[in-house]
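Numbering (numbering that gives the first Met the number 0), first residue to last: 0 to 72.
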Amino acid sequence: MADTSLDVHRLAREQENHVATSAAIGIKAAMPFVQFQTSMVRIWAENVESTTRNYERSVEAFGIALEQQLSRQ
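Rendered as structure tokens:
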């Protein structure tokens with residue numbers, strides 16, 4: 000009976016090791032993809048910020064030009 004119990008525990012431990020190893024391999028394989036996606040999101044965010052700054056400058060310039068035009072009248 001003790002041998003059977005030890006075998007069951009050994010098999011469970013081996014299965015846990017296999018699952019842990021598989022998970023580690025999967026995470027290691029996915030890491031470059033996640034890093035690439037992160038860099039793409041950063042680039043996208045920088046572009047959004049740049050577009051926002053350009054838009055704000057354009058609105059400000061338009062407002063100044065409009066004020067100048069109205070003050071001339």
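Think of the CB as a built atom: it goes at the ideal place given N, C-alpha and C, for glycine as much as any other residue.
field: Within the region 21-50, ranges of the alpha helix (DSSP H) (whole runs, at least 4 residues)
entry: The qualifying runs do not exist here; there are none.
field: Q68, DSSP secondary structure in three states
entry: In this structure, DSSP gives Q68 a helical state, which the three-state scheme calls helix.
task: Might you give, ordered along the chain, the residues of its own chain that have their beta carbon closer than 8 Å to the beta carbon of M39, omitting 5 neighbours on each side?
output: Closer than 8 Å at the Cβ level, and outside the excluded window around M39, lies no residue.
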